[in-house]
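Numbering (our numbering), first residue to last: 16 to 192.
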């Protein structure tokens, strides 16, 4: 029987494990413009909408079971892959701007949907808070998103760029805010 990978046992992948599977973009590339990061480490059947929607052909998958690979130089940072990914939360955009990182994610099926300028609680892959004061810089409302889910871009401290993968709106139903 094959060994079960640690991230499958835990239910989430760490950045270190992810970058053993896919290459990490260079800092120079991360500073140039947003870049798509596929956090889709398993070979599972998918009708690769991310590959099909990509306007520059930056995403490759030879078969529907392959892990998506992004050609970071071809990626223009449009976020269409983030919007269309059916499992949701499998694609993110990362962009380094000064001492901050802007993370684009489709986490928000819950209400309230944040507004531009809102400060939010930053959550890791497990849903644990890793910081407060992430600032929402862009919202693509669900009615304008290809995936029918609001797409949110949040500015975070650069050291949290590979940790933050979700947000919580303060006062959005949790008593600890």
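Ideal Cβ positions, reconstructed from N, Cα and C, are used throughout, including at glycine.
Note that the structure is predicted; figures quoted are calculated from it, not measured.
**Request:** Could you give the DSSP three-state label for residue 36: helix, strand or coil?
**Result:** Residue numbering aside, residue 36 sits at position 21 when the chain shown is read from its first letter. In the structure shown, residue 36 sits in a helix (DSSP, three-state: H, G or I).
**Item:** Span of the alpha helix (DSSP H), counted from its first residue to its last, around residue 95
**Value:** One-based indexing of the chain shown puts residue 95 at position 80. From DSSP, the alpha helix (DSSP H) with residue 95 extends over 95-99.
**Asked** Smallest Cα separation from residue 174: which of 61, 30 and 88?
**Response** Taking the chain shown and counting its residues from 1, the one referred to as residue 174 is at position 159. That would be 30, whose Cα lies nearest to the Cα of residue 174.
**Prompt:** What did DSSP end up calling residue 197 once you bin it into helix, strand or coil?
**Reply:** Examination of residue 197 is not possible in this model, given that the chain is present from 16 through 192 alone.
**Prompt:** Across which residues does DSSP place residue 108 in a beta bridge pair?
**Reply:** Taking the first residue of the chain shown as 1, we reach residue 108 at position 93. For residue 108, which the question treats as bridged, DSSP gives the partners 51 and 119.
**Item:** Reference residue 177, options 74, 51, 134 and 66, closest by Cα
**Value:** Along the chain shown, read from residue 1 onward, the residue named residue 177 stands at position 162. Per the C-alpha coordinates, the member of 74, 51, 134 and 66 positioned closest to residue 177 is 51.
**Prompt:** Quick one: what's got a C-beta closer than 7 Å to residue 17's C-beta in the same chain, skipping five residues either side?
**Reply:** Position 2 of the chain shown, counting from 1, holds the residue named residue 17. With a pLDDT of only 47 at residue 17, under the threshold of 50, the placement of this residue in the model should not be trusted, and no figure is reported.
**Request:** Could you name the residues of the same chain whose beta carbon sits closer than 6 Å to that of residue 128, not counting the 5 residues immediately before and after it, in chain order?
**Result:** For the purposes of this step, residue 128 is taken as residue 113 along the chain shown, with counting starting at 1. These residues qualify, in order along the chain: 165.
**Straight-line Cα distance separating residue 138 from residue 130** = Sequence index remark: in the chain shown, residue 130 carries index 115 (1-based). Sequence index remark: in the chain shown, residue 138 carries index 123 (1-based). The straight-line gap from Cα to Cα measures roughly 17 Å.
**Asked** Quick one: Cα of residue 141 to Cα of residue 21, how far?
**Response** For the purposes of this step, residue 141 is identified with residue 126 of the chain shown, where counting begins at 1. For the purposes of this step, residue 21 is identified with residue 6 of the chain shown, where counting begins at 1. If you take the alpha carbons of residue 141 and residue 21, they lie about 14 Å apart.
**Message:** Which residue marks the beginning of the alpha helix (DSSP H) containing residue 67, and which one marks its end?
**Reply:** For this step, residue 67 is matched to residue 52 along the chain shown. That run of the alpha helix (DSSP H) goes 64-68.
**Request:** Compare the beta carbon distance of residue 146 and residue 134 with 8 Å and say whether it is the shorter of the two.
**Result:** Counting from one through the chain shown, the residue named residue 146 turns up at place 131. Counting from one through the chain shown, the residue named residue 134 turns up at place 119. No, these two residues do not count as a Cβ contact at 8 Å.
**Prompt:** By how many angstroms is the C-alpha of residue 136 removed from the C-alpha of residue 185?
**Reply:** Residue mapping note: residue 185 aligns to position 170 of the chain shown, counting from 1. Residue mapping note: residue 136 aligns to position 121 of the chain shown, counting from 1. Residue 185 and residue 136: Cα-Cα distance of roughly 7 Å.
**Message:** Within the continuous beta strand (DSSP E) that includes residue 183, where are the two ends?
**Reply:** By one-based count along the chain shown, residue 183 stands at place 168. 181-183 is the extent of the beta strand (DSSP E) around residue 183.
**Message:** In the DSSP assignment, the alpha helix (DSSP H) including residue 58 goes from what residue to what residue?
**Reply:** Walking along the chain shown from the start, residue 58 turns up at place 43. Note, residue 58: premise wrong, no alpha helix (DSSP H); not H, not E.
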